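Colleague: Chains as they are written, first to last, in this note's numbering: chain A, 1 to 282; chain B, 283 to 724. Don't be surprised by glycine CBs; every beta carbon is placed ideally from N, CA and C. Computed from a prediction, not measured in an experiment: that's the story for all the values here.
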Amino acid sequence: MEDIFLPAIIMGILGLGFGLTLAWLAKKFAVEENPLVQKILDLLPGANCGACGYPGCVGLAEKIATQEAPMNACPVGGPKTWAEIARLLGNHEEFRFESKKAVLVCQGGKGVAQEIASYRGVKNCRAYKLLGVSARVCRYGCIGLGTCEEVCPFSAITMDRESGLPVISPEKCTGCGKCVTECPQGVLVLVPDREQVLVACVSKESGKVVRQACLRGCIKCQLCVKTCPEKAIRFEKEIIHIDQEKCTLCGLCVEKCPTHCLVRIFEESSVSPVSEAQVEVK
Amino acid sequence: MKLRTFPQGVFLSPAKELTAHRSIVEIGSPPKVVLPLWQHTGAPLEPLVKRGDVVKKGQKVADVEAFIAAPLHASISGKVTAIEEWWHPSMGKFRAIVIENDGQEEVERREPLPKDIENLDSLFLRKWIREGGMVGLGGAAFPTHVKVSPPAGKIIDTVILNGAECEPYLTCDHRVMVERPDTVLLGLRILVRACGAKRAYIGIEENKEECLTLFAKLVKYMSIPTEVVPLATKYPQGSEKQIILAILGREVPPGGLPLDVGVVVNNVQTASAIGRMAEEGMPLVERVITVSGECIQTPGNLEVPLGTVLEGIVAFCGGFVKTPQKIIMGGPMTGIAQSSLQVPVIKGTSGFLFFSRPYEKKEYPCIRCGRCVDGCPMFLLPYHLARLAEFQAFLEAEEHRVLDCMECGVCSYVCPAGIPLTQFIKLAKAEIIRRKKGGVTR
């Protein structure tokens, strides 16, 4: 019977010794963990989709906690998530929330852009672009083979059969920018989700060439530059630029443009999720 | 006569009878030439002239400091009327120098090369070749002086002159070999001297019998050991790696250059242009092209100044008898479809083909018949690579050696399901390179 006491005592002492060593080591080599990371992680969607460019939601949460990533880095969560993160971090004053959406800045669809050849081959805009030659007079405009539709992870883009141009649903678009990087023509751009006037033509050709190439192309007449009462429009490097800060949305340029290549977008977005989010934060 | 060749490939109908017997015709100075600043593989050029300058034929008008580049010379005498974007046969549009002919026919010549080429310095010759604006006239337009400059530690022992001309319809190299054998051989001697090789081969497909017998006679008088090699008429026999394998039995490693096995391959027309420059002192300002296809009134082999606009060439050939549905610059297998008659002739233009029917193969799903695998001269699996490209699995495509593809077009040609396999593979190659460069989008 007493044989059991000695081992029990030895084991007990050993156990106590190891326990104390472990406790001391845990204190000595403790990893400081930012409690914010877990809190931010709880606010993120948790899909680990990688659309932000960081390794999953944890990776992004860590970067937001150390302020290496902006609070609106998660494109999927949208303004609501950003607002919650901003509230958590308590520095919402510095940050203006603006969700971004992809828009198409070309109106050269079927029957609008002059075609000089027909294309048969791989249905992929990048493959088409590799051929070098263009089936249309305009080599800047939308190709219309639907690579953007294919790459959109949120099914926000559908190809319109009649015009052959992509149609982007503002409700579904999260502004992840995937279509913008994949489009070989650069006719998809990310813009702030608010009412604005855009030049829907990226052609750098002279007015004469554009006139032959497309019914809705910018012919460089610069009527908009002369019309704008706010001097918000300028012509630089063969392209019309609109200064969105100065623009008052008066719409005079849209009316004057002879080829209707100036367009007003997001017109009915007065109650957009953006403004809701701002209200919530303040 | 035993024919040498490479494994796999495809037998095509040569379709050369339209132009093979027609001798080279000079079309003379056009009223205007358009010289794009990018005519070769390598860095684009910077213009040395400005608007309003008067230039002579043979005067250097554009150059750049980069090693892989060849300067450009005015192909007519006249006035530079613009430096602007112009139609380009493979780039859509590119900056080009437009020269209007003044009818003065003023010429700027260089000193002809001394006759004793074997005593000339190879470094001098390489520079001389570069200054002549020489590039491979077979189609890829790789600067010739780069080819004949082996990097330190590599030795070139053999020069192969490529007279295979395996693309159907094209006969310009054939005619150059028949009509200008002396300049071809002079050019070959210069090339051999420039790269320090010990021997030379001339590879010619056996369907060009007259060239074979002619050269077999002439090479006996060459100062270096030269052999004429009859090759089987098989596509792509004229591809660099395939012709080396056929003639020397050496295999160029994947991703490597012919330099890696001690060989330089040059087109016969390149040699002819070099030979002409040695004799006449005129840099590369014109080349021989084939104009063929059933739509053109008089098909033929034309000697045209670089920069001649296609419209003028069509007019010279008597216009169209049928409306062309497809216009191709180069051969039908590797050529580039054109959408405008405003494209100029560039250094890499081997011909223009006008067909009355568009490409009309309907696309069906792949049934894995394996014809593309049997045909691929690089031993790839085109059907699999195309599938990987279609579903954006570019990393896996790279593991399956998609970058070894030379885009010869055999797989698309033999595919009974009409799948544009080559284009899919081209897409995969471009995407892999784009991703390596850090996702540059445009």
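#1: Which residues of chain B have a Cβ atom closer than 9 Å to the Cβ of S203/A, listed in chain order?
#2: Anything in the segment 111–126 of chain A with a Cβ closer than 8 Å to a Cβ of chain B? List those residues in chain order, please.
#3: Please list, in chain order, all residues of the same chain as A498/B whose beta carbon is under 8 Å from its beta carbon, the five residues on each side excluded.
#4: Between R653/B and P702/B, what straight-line distance do the alpha-carbon atoms span, to the nearest angstrom?
#5: Contact between the segment 611–618 of chain B and the segment 628–640 of chain B: three or more CB pairs below 8 Å?
#6: Could you name the residues of the same chain whose beta carbon sits closer than 8 Å to that of A30/A, not counting the 5 residues immediately before and after it, in chain order?
#7: Using the rule of at least 16 other Cβ atoms within 10 Å of the residue's Cβ for burial, across every protein chain shown, is V279/A buried or exposed?
#8: With 8 Å as the threshold, decide whether the Cβ of G132/A is near any Cβ in chain B.
#9: How many angstroms separate the CA atom of D335/B from the CA atom of C599/B?
#10: Return the CA-CA distance between L395/B and G415/B, expressed in angstroms with no decimal places.
#11: Quick one: what does DSSP say S521/B is sitting in, helix, strand or coil?
#12: CB A514/B to CB E488/B, shorter than 8 Å?
#13: In this structure, does DSSP put N34/A in helix, strand or coil?
#14: Cβ of V337/B within 8 Å of Cβ of G360/B?
#15: Would you decide whether A23/A is buried or exposed? Buried here means 16 or more other CB atoms lie within 10 Å of its CB.
#16: Given 8 Å as the limit, is there contact between the segment 401–416 of chain B and the segment 427–435 of chain B, that is, 3 or more CB pairs closer than that?
#17: Kindly indicate the opening and closing residues of the alpha helix (DSSP H) around W229/B.
#18: Check whether the Cβ of M504/B lies closer than 8 Å to any Cβ atom in chain A.
#19: Against chain B, with Cβ distances strictly below 8 Å, would R194/A count as a contact?
#20: By a C-beta neighbour count over all protein chains shown, 10 Å radius and 16 as the cutoff for buried, is S134/A buried or exposed?
#21: What three-state label does DSSP hand R264/A in the structure shown?
#22: State yes or no: is the C-beta of M71/A within less than 8 Å of the C-beta of L43/A?
#23: Jot down the residue ranges of each uninterrupted beta strand (DSSP E) in the segment 626–656 of chain B, minimum 3 residues, whole runs only, in chain order.
#24: How would you label E94/A, buried or exposed, when you count the other beta carbons within 10 angstroms and need 16 or more for buried?
#25: When you compare the CB of T309/B with every CB in chain A, is at least one pair closer than 8 Å?
#26: Does W24/A come out as helix, strand or coil in the three-state DSSP assignment?
#27: Since T572/B and C454/B should fall inside the 8 Å C-beta cutoff, what is the C-beta to C-beta distance between them, to a whole number of angstroms?
#28: If you measure beta-carbon to beta-carbon, which residues of the segment 224–245 of chain A are closer than 8 Å to chain B?
#29: Is the segment 711–719 of chain B close to the segment 669–687 of chain B, with three or more CB pairs under 8 Å?
#30: For the candidate residues T259/A, K101/A, Q185/A, whose alpha-carbon lies nearest to that of R126/A?
#31: Candidates A699/B, T704/B, G691/B: which alpha carbon is nearest P450/B's?
#32: Using DSSP with H/G/I as helix, E/B as strand and the rest coil, what is L188/A?
#33: Is G582/B close to chain A, meaning its C-beta is less than 8 Å from at least one C-beta of that chain?
#34: For E94/A, which three-state DSSP category applies?
#35: Please report the straight-line C-alpha distance between L6/A and A26/A, rounded to a whole angstrom.
#36: Buried or exposed for Q67/A, please, with buried defined as at least 16 other CB atoms from any protein chain shown within 10 angstroms of its CB.
Modeller: Taking the structure as given:
#1: Ordered by position in chain B, no residue passes the 9 Å Cβ test against S203/A, which lies about 12 Å from the chain.
#2: Residues I116, A117, S118, R120, G121, V122, N124, R126.
#3: V510
#4: 14 Å
#5: yes
#6: none
#7: Because V279/A carries a pLDDT of 39, less than 50, the predicted location of this residue cannot be relied on, and the following value inherits that uncertainty. So V279/A ends up on the exposed side.
#8: G132/A belongs to the set of residues whose beta carbon lies under 8 Å from a beta carbon in chain B.
#9: A straight line joining the alpha-carbon of D335/B with that of C599/B spans about 32 Å.
#10: CA-to-CA, the gap between L395/B and G415/B works out to about 16 Å.
#11: coil
#12: In this structure, E488/B lies closer than 8 Å to A514/B by Cβ.
#13: coil
#14: yes
#15: exposed
#16: In short, these stretches touch, since the Cβ pair count reaches three.
#17: What is shown of chain B runs 283 to 724, which leaves residue 229/B out entirely.
#18: no
#19: no
#20: It counts as buried.
#21: In the three-state DSSP reduction, R264/A falls in the strand class (E or B).
#22: no
#23: 633–637
#24: Low local confidence applies: a pLDDT of 49 at E94/A is under 50, so the model's placement there is unreliable, with the coordinate-based value given in what follows. It is exposed - the Cβ of E94/A has fewer than 16 other Cβ atoms within 10 Å.
#25: Per the sequence shown, the amino acid found at residue 309/B is Ile instead of Thr. No, I309/B does not count as interfacial toward chain A.
#26: helix
#27: With 8 Å as the limit, T572/B and C454/B qualify as a contact, their Cβ atoms being about 5 Å apart.
#28: none
#29: yes
#30: Q185/A
#31: G691/B
#32: Residue state, collapsed to three classes: strand.
#33: no
#34: Residue confidence for E94/A is low, a pLDDT of 49 falling below 50, so the modelled location carries little weight; the figure read from the coordinates is stated next. In this structure, E94/A counts as helix in the three-state DSSP scheme.
#35: 30 Å
#36: Around the C-beta of Q67/A, fewer than 16 other C-beta atoms lie within 10 Å, and the residue is accordingly described as exposed.
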